[in-house]
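Asks:
Numbering (our numbering), first residue to last: 18 to 304.
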């Protein structure tokens with residue numbers, strides 16, 4: 018009897034084991050119930066999801082450290098099926114696969130992957146290096162540059178009631194304008210909206226096609242349940258939306274409509290990107 022109790026305790030301990038604590042402290046909440054969660058409790062819930070999206074602030078180092086921790090910790094609980102990255106395009110997929118199947122990693126991994134300079138390799142490199150050593154595929158989730166040009170020049174029809182809702186398009190247009198600091202000419206806004214939504218649709222398609230359990234790392238607006246990839250998943254006739262964990266700086270507003278869970282990280286000093294953009298491009302004509 019005593020042996021059975023010890024074995025049961027060992028099994029329970031193994032199921033709850035997380036080898037390394039999270040590298041960043043912060044408040045975690047289940048947005049549906051308002052309940053505060055520990056990292057272990059969050060992991061237990063996320064591990065049950067067949068499809069998971071983690072939304073990030075691209076330039077926040079804490080978010081990337083947490084993404085790596087989540088990838089490793091979830092892998093301790095169940096076999097990971099696939100990792101999808103907004104930062105990779107179809108043109109890079111063969112390079113990714115070649116590195117995964119090579120006997121030794123290249124000295125210049127970012128060069129071997131043709132990693133795009135717009136994504137800070139110092140932040141993403143640790144995630145990519147780890148993922149490429151794992152048995153599951155690392156998959157491109159974005160559009161190629163050539164596809165973006167085609168979409169911009171000849172916008173395709175987007176099917177789906179949710180993704181075509183006026184409230185969705187209004188929210189995305191406001192975000193596009195804000196992210197370009199109000200410098201984007203009004204004439205370009207419709208095409209930029211189409212590109213944004215085609216990126217969301219591609220990520221949704223890739224997420225549905227990927228081996229499960231699948232995990233997508235993407236920017237906040239791509240991850241949002243109310244305007245991003247999840248509504249495209251539903252418009253593609255998948256009955257259940259992906260689970261969404263939003264990584265957000267303390268003070269940011271994240272509602273239950275946007276995500277299932279939020280992990281608040283310490284606020285970082287704001288960067289005045291708009292001042293840099295105005296200096297580089299000046300004000301658009303008519304302003």
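Glycine is no exception: its CB is placed at the ideal position from the N, C-alpha and C atoms.
Our contact map puts residue 157 next to residue 109 with C-beta atoms below 8 angstroms; I'd like the distance itself, whole angstroms only.
Replies: Here residue 157 refers to the residue found at position 140 of the chain shown. Here residue 109 refers to the residue found at position 92 of the chain shown. Their Cβ separation, rounded to whole angstroms, is 6 angstroms, which keeps residue 157 and residue 109 in contact under 8 angstroms.
Asks: For residue 70, which of 52, 226, 242 and 212 has the nearest alpha-carbon?
Replies: As a first step, residue 70 is located in the chain shown; it is residue number 53 there, counting from the start. Per the Cα distances, 242.
Asks: Using only alpha-carbon positions, find the residue among 122, 220 and 275 that is nearest to residue 68.
Replies: Residue mapping note: residue 68 aligns to position 51 of the chain shown, counting from 1. Among 122, 220 and 275, the Cα nearest to that of residue 68 is on 220.
Asks: Please go through the same chain and pick out, in chain order, the residues whose beta-carbon is closer than 7 angstroms to the beta-carbon of residue 107, but skip the five residues on each side of it.
Replies: In the chain shown, residue 107 corresponds to position 90, counting from 1. Excluding positions up to five away in sequence, the list reads 157 and 161.
Asks: To the nearest angstrom, report how far apart residue 175 and residue 280 are at their CA atoms.
Replies: As a first step, residue 175 is located in the chain shown; it is residue number 158 there, counting from the start. As a first step, residue 280 is located in the chain shown; it is residue number 263 there, counting from the start. Distance between the alpha carbons of residue 175 and residue 280: 32 angstroms.
Asks: Per the contact definition of three or more C-beta pairs closer than 8 angstroms, is the segment 236-255 in contact with the segment 182-194?
Replies: Contact between the segment 182-194 and the segment 236-255 is present, because at least three Cβ pairs lie under 8 angstroms.
Asks: Look at residue 190 and residue 252 and say whether their C-beta atoms are less than 8 angstroms apart.
Replies: Within the chain shown, residue 190 is the residue found at index 173, counting from 1. Within the chain shown, residue 252 is the residue found at index 235, counting from 1. Against a cut-off of 8 angstroms, the Cβ pair of residue 252 and residue 190 comes out as no contact.
Asks: Return the residue from the list 90, 205 and 169 that minimises the CA-CA distance to residue 147.
Replies: Within the chain shown, the letter at position 130 stands for residue 147. If we check each option's Cα against that of residue 147, 90 comes out closest.
Asks: Extract the residue ranges of the beta strand (DSSP E) inside the segment 72-117, only unbroken runs of 3 or more that lie entirely within it.
Replies: Fully enclosed beta strand (DSSP E) runs of 3 or longer: 99-102.
Asks: Give the DSSP-derived three-state secondary structure of residue 269 in the structure shown.
Replies: The residue given as residue 269 occupies position 252 in the chain shown. In the structure shown, residue 269 sits in coil (DSSP, three-state: anything other than H, G, I, E or B).
Asks: Would you kindly work out how many angstroms separate the C-alpha atoms of residue 258 and residue 224, rounded to a whole number?
Replies: Translated into positions along the chain shown, residue 258 becomes position 241. Translated into positions along the chain shown, residue 224 becomes position 207. Cα-Cα distance, rounded: 11 angstroms.
Asks: For residue 261, which residues in the same chain have their Cβ closer than 6 angstroms to its Cβ, ignoring the five residues on either side in sequence?
Replies: Along the chain shown, read from residue 1 onward, the residue named residue 261 stands at position 244. Counting only Cβ-Cβ distances below 6 angstroms, and skipping sequence neighbours, we find 70, 240, 242, 276 and 277.
Asks: Pick from 66, 86, 82 and 265: whose alpha carbon is nearest that of residue 140?
Replies: Residue mapping note: residue 140 aligns to position 123 of the chain shown, counting from 1. Of 66, 86, 82 and 265, the residue nearest in Cα terms is 82.
Asks: Just the Cα atoms here: how many angstroms apart are residue 237 and residue 128?
Replies: One-based indexing of the chain shown puts residue 237 at position 220. One-based indexing of the chain shown puts residue 128 at position 111. Answer to the nearest angstrom: the Cα atoms are 27 angstroms apart.
Asks: Compare the C-beta of residue 264 with all C-beta atoms of chain D and state if any pair is closer than 8 angstroms.
Replies: Protein chain content of the structure displayed is limited to a single chain, and chain D is not contained in it.
Asks: Given a cut-off of 8 angstroms, decide if residue 100 and residue 155 are closer than it, judged by their beta-carbon atoms.
Replies: For this step, residue 155 is matched to residue 138 along the chain shown. For this step, residue 100 is matched to residue 83 along the chain shown. Yes.
Asks: Do residue 266 and residue 292 have their beta-carbon atoms positioned less than 8 angstroms apart in this structure?
Replies: As a working note, residue 292 is residue 275 in the chain shown. As a working note, residue 266 is residue 249 in the chain shown. Going by C-beta atoms, residue 292 is not nearer than 8 angstroms to residue 266.
Asks: Give me the Cβ distance between residue 208 and residue 173, rounded to the nearest whole Å; I'm assuming they're in contact under 8 angstroms.
Replies: Locating residue 208 in the chain shown gives position 191, counting from the first residue. Locating residue 173 in the chain shown gives position 156, counting from the first residue. The Cβ separation is near 12 angstroms, so there is no contact.
Asks: Looking only at its own chain, which residues have a Cβ that is under 6 angstroms from the Cβ of residue 228, when we skip the five neighbours before and after it?
Replies: Here residue 228 refers to the residue found at position 211 of the chain shown. Excluding residues within five positions, the ones whose Cβ falls inside 6 angstroms are 98 and 99.
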